[in-house]
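J.: Below: one structure in structure tokens.
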Amino acid sequence: MIKKFDSAEIEKKWHAIWKESGIHTAGKRDESKEKRYILVEWPYPSGNLHIGHWYAFAVPDIYVRYLRMTGKQVVFPMGFDAFGLPAENAAIKRGLDPKAWTNDNITYMQNQLESMGNAFSWDKTTSSTDPEYYKWTQWMFTKFFENDIAYRGTGVVNWCPGCNTVIANEQVLADGTCERSGDLIEKREMPQWMLRITKYADRLIDDLDTLAWPEHIKEAQRQWIGRSKGALLDFTLSTGDSVTVFTTRPDTLYGATYLVLAPEHPLVEANKASITNWGDVAGYIVASKQKAEQDRLDATKEKTGVKLEGITAVNPATGETIPVYIADYVLGSYGTGAIMAVPAHDERDFAFAQKFSCLIVNVIDSSHGSENITGAYVGGGTLINSGEFDRMDSEEAKIKIVEKVGGKMTSTYRLRDWSIGRQRYWGVPIPIVYDPSGKAHPVPKEHLPWLLPEDVDFRPTGEAPLAKSAELKKRTEAIFGAGWTPEVETMDTFVDSSWYYLRYIDNQNDEELSSAKAQNDWLPVDIYFGGAEHTTMHLLYSRFWQKALLDLGLAVHSEPYKRRLNRGLILGPDGNKMSKSKGNVIDPDEQVRFVGADAVKMYLAFMGPYEGNNYPWDPGGIAGVRRFLERVYGLTEHFTEVEAEAVTRQLHKTIEKVASDIQEFKFNTAISAMMIFVNLAEKEGISQANYTTFLKLLAPFAPHLTEEIWSQLGHTDSIHITQFPEADEALSADNEVTIGVQINGKVRGNITLSAGATEQEATLEARCSPQLAKYISGEIVKVIYVEGRILNLVIKGD
RNA sequence: GCCUCGGUGGCGGAAUUGGUAUACGCGCACGACUCAAAAUCGUGUAUCGCAAGGUGUGAGGGUUCGACCCCCUCCCGAGGCACCA
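Set out below in structure tokens:
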């Protein structure tokens, strides 16, 4: 490939100049301009940039540069999410210091990131591992602790044997494996630090309506939170105990012919003495516990259970005595762990009732009739067999029946509280100390950051590594007194990334985590670009975090991210996910050496719309983009004194197209429009004035090359601080237009009309066209004319 | 099973949101330049047909003067949720 310009040289030159002049600095808020906060997910500093980083950062950079050229003040920060397992594993494997390893990587990766030539606001950077950052992570935790948002809970947790630590529900995949290590998760009962995200469940669902997010992301969050509205109803057992059930269908109470408790329901064990078949029951409980630990995804889903002999319950509506079962299709962790079974109107209850020959009473009038029930009717309708509520509509009956039996309308959620304690080393220490009686106290602000001790053997044993730190023990006793002990767990790294957008914009603040002024200046984030894998984890956690801060008066807004865009993946040339083992990994550094940073960036933008799709890397495709840039450079050889009218018109059309496409993140079609323009300009020649305008259009896409040509043309300022061109409609308008002509809805040819031609003129033109004449034999009964688009003549058929 | 997206040439994808389907790029074919190749440039490239003309946006219906676009019934793919009461 003959190269007209040397991209490596150009890039090096301009990186130095840009750094020196600080043109990418966000600086102080300038009220004369509109603000934009553009956020990309901060990377883990693994030590090498891969093509995914380029896709994640270089393509949004087009948008950022465009915004700056249209007069917006843009903050586009970059930082590092640097706590987590890789550093710890490197330390274990190679005996390195995780801190030194991480800091080296950050330095190295910062250089790599700068070599991309992105317009990052490096004055707003931060890192989760910086004590000045995690000091605030810890401080917020103590505030949460004082306000009952953080608490020490005991319960069944997800234990990952691969990571040797507890993980949160969100980090368990659908097949029951760990999101990070892929190991099968075990359920363990142990004390845990939790955040009360469930308290925010309603707001997390309801506020989704205020966000300009893609529907699929909102829907995934709604489903993850899993709100169902229903009622709590009390049933009395023959032992005198009261069982509360949750139901979404209180209107079917008269059809509740038995009760089912989860095997782990406390009332089962409590009523051991009254249960005459305790042997069977105990056996079932043990069996179901084992089942829960192994593959609960058993597809057969055959209903199992055991009747509690010796115990009955009373249906509070009918007053009738009904049997009580335990069955593992009722989950201890959802609702109240107990249900009223209405086999006529619930499929699971129906299946169970069939197997155990339970009574089935139809209480909703349905099309299948009440005599020959072949399945559950789960819809609404008119009530029957329901005493005083007969003939009432089921929706109305819900409230009335709950009232009658003294129940309570409520909602339950699938969402569980967020367990954040990790039995690992490389994370933020949980800033809690225990007094000699074992009571937990937050570490006061003056002792923050509560530093991560360094005298630790961090090989994972399942026990928290910090327990082995003599320094931490000593520190705790020195500050708080003899007999006081430190908490030894560290925080889930999702905590670190739940609030970094707040710190970026006030990263020098020693007094506050993020001042109200900084938040008012910059937040909310206008667009958050990121990966689809964070839909139900990071995005949910940080929305929760923001709301919790809002309630404590520490945040100004109720939502952190106004708009969200999930980008897809760059696949290997073979269409598979890139991986070393498949040998299909594209090294961005190599690509940059070959075609230059601008071509790599533009190729990534050209592959397709930025939202959603995965794209295979095409080695030919990137060469095509480089070819385009060569032609742009070569256009200087096609300068003409006089402006060709067609070129000027096309230029203004291109301006319109590029500007609107960038705003919709359709960088691919913006680039294609510029290619069309260059094709024409090569043929027709181009004036220097038009060329200069075109360079500005291209500047956000190819920042290095355009800057170089710009300076070669004699400019001393940067092209990136010039005004983005505005389209002149008078210049972009066509004076002639070719439209299609349909005869009875079928395209039969086209005609060329002057702009703004009337229907009569268009029809006349069509009649005169020899190409169309043979189709217009009969009488024209109808004419549809859409100016500039189409003429459709409806001819009377023969 | 439920929810949310998708399905257009050999490939990535366009289509002014109901108005000439396949823009732009890749690939391929042929040609020019060259001793030759690479690079570059030019021409062609949905499909059937010699042509006239026909057929085409996962399948089948519908609405409309006109449907990739709207409606109905399916099929296929991706992602999310799933014994959630």
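Residue numbers (the working numbering): 1124 to 1921. Think of the CB as a built atom: it goes at the ideal place given N, C-alpha and C, for glycine as much as any other residue. Since we're looking at a predicted model, the values are computed, not measured.
1) Cutting at 6 Å between CB atoms, please list the residues of its own chain near Phe1128, excluding the five before and the five after it.
2) Sort out for me which residues DSSP pairs Trp1833 with in a bridge.
3) Tell me Glu1734's beta-bridge partners as DSSP assigns them.
4) Short check: CB of Phe1267 to CB of Leu1331, under 8 Å?
5) Alpha carbons only, please: which of Asn1867, Thr1875 and Val1648 is nearest the one belonging to Gly1903?
6) Ignore the nearest five residues each way along the sequence and tell me which others in Ile1809's own chain have a CB closer than 7 Å to its CB.
7) State the Cα-Cα distance for the pair Gly1285 and Tyr1178, rounded to the nearest angstrom.
8) Any chance the segment 1694–1708 sits against the segment 1668–1682, with 3 or more Cβ pairs inside 8 Å?
9) For Ser1493, which residues in the same chain have their Cβ closer than 6 Å to its Cβ, ignoring the five residues on either side in sequence?
10) Leaving aside the five residues before and after Lys1247 along the sequence, list all residues of the same chain whose C-beta is less than 7 Å from its C-beta, in chain order.
11) Hey, which unbroken runs of the alpha helix (DSSP H) at 4 residues or more fall wholly within the segment 1439–1495?
12) Beta-carbon within less than 6 Å of Lys1905's beta-carbon, same chain only, minus the 5 sequence neighbours each way: which residues are those?
13) For Arg1545, collect the residues of the same chain with a Cβ closer than 7 Å to its Cβ; drop the 5 residues on either side in sequence, then sort them by chain order.
14) Alpha helix (DSSP H) containing Cys1891: first to last residue?
15) Buried or exposed: where does His1491 fall if 16 or more other Cβ atoms within 10 Å of its Cβ makes it buried?
16) Would you mind giving the Cβ-Cβ distance between Gly1863 and Ile1899, rounded to the nearest angstrom? I have them listed as a contact below 8 Å.
17) Measuring CB to CB, does Tyr1548 end up less than 8 Å from Glu1342?
18) For Lys1591, which residues in the same chain have their Cβ closer than 7 Å to its Cβ, ignoring the five residues on either side in sequence?
19) For Asn1915, count the other beta carbons within 10 Å of its own beta carbon; 16 or more makes it buried, fewer makes it exposed. Which is it?
20) Secondary structure at Gly1743, three-state DSSP: helix, strand or coil?
21) Check whether the segment 1445–1464 and the segment 1403–1412 are in contact - that is, three or more C-beta pairs closer than 8 Å.
22) Determine contact between the segment 1370–1383 and the segment 1547–1561, defined as no fewer than three beta-carbon pairs at a distance below 8 Å.
23) In angstroms, rounded to a whole number, what distance separates the CA positions of Asn1281 and Asp1227?
24) Quick check: what's the CA-CA separation for Glu1387 versus Gly1455?
25) Please work out which residues of its chain come closer than 8 Å, Cβ to Cβ, to Glu1519, disregarding the five sequence neighbours upstream and downstream, and give them in chain order.
26) Which same chain residues, not among the five before or five after Ser1665, have their C-beta less than 6 Å away from its C-beta?
27) Taking the alpha carbon of Thr1533 as the point to measure from, which residue in Thr1367, Ala1563 and Leu1571 has its own alpha carbon closest?
28) Could you say which of Thr1370, Ser1480, Glu1154 and Met1232 lies nearest to Lys1531 if we only look at CA atoms?
29) Note down, one range per segment and in chain order, each beta strand (DSSP E) of at least 3 residues found wholly within the segment 1813–1884.
30) Alpha carbon to alpha carbon, how far is Asp1472 from Asn1394?
31) Have a look at the DSSP bridge pairing and note the partners of Glu1312.
32) Leaving aside the five residues before and after Ala1213 along the sequence, list all residues of the same chain whose C-beta is less than 6 Å from its C-beta, in chain order.
33) Mapping DSSP to helix, strand and coil, what is Arg1754?
34) Report the partner residues of Lys1700 according to the DSSP bridge assignment.
35) Report the rounded CA-to-CA distance for Ala1722 versus Ile1832, giving the unit in angstroms.
36) Return yes when the Cβ of Ile1434 is within less than 8 Å of the Cβ of Gly1480, no when it is not.
T.: In short, the structure shows the following:
1) Tyr1756
2) None, per the DSSP bridge assignment.
3) Arg1690
4) no
5) Checking the sequence, you will find Ile at residue 1903 rather than Gly. When each option's Cα is compared against that of Ile1903, the closest is Asn1867.
6) Leu1758, His1761, Phe1762, Thr1763 and Val1770
7) 31 Å
8) no
9) Because the pLDDT at Ser1493 is just 39, under 50, the model does not fix this residue reliably, and the point stays unresolved.
10) Ala1149, Val1198, Pro1200, Tyr1627, Ile1628 and Asn1630
11) 1470–1479
12) Val1917
13) Thr1288, Val1289, Glu1612, Thr1613, Met1614 and Asp1615
14) Glu1882 to Cys1891
15) Reliability fails at His1491, whose pLDDT of 45 lies under 50, so the model's placement of it is uncertain and the value that follows must be treated cautiously. The residue in question, His1491, is exposed, as its Cβ has fewer than 16 Cβ neighbours within 10 Å.
16) The pair is not a contact, with the Cβ atoms about 15 Å apart (cut-off 8 Å).
17) no
18) Val1579 and Asp1580
19) buried
20) helix
21) yes
22) no
23) 33 Å
24) 6 Å
25) none
26) Ser1621 and Pro1683
27) Thr1367
28) Thr1370
29) 1859–1866 and 1869–1877
30) 24 Å
31) Val1279
32) Leu1219 and Trp1224
33) helix
34) Leu1694
35) 15 Å
36) For clarity, residue 1480 is Ser in the given sequence; the question names Gly instead. Contact: no.
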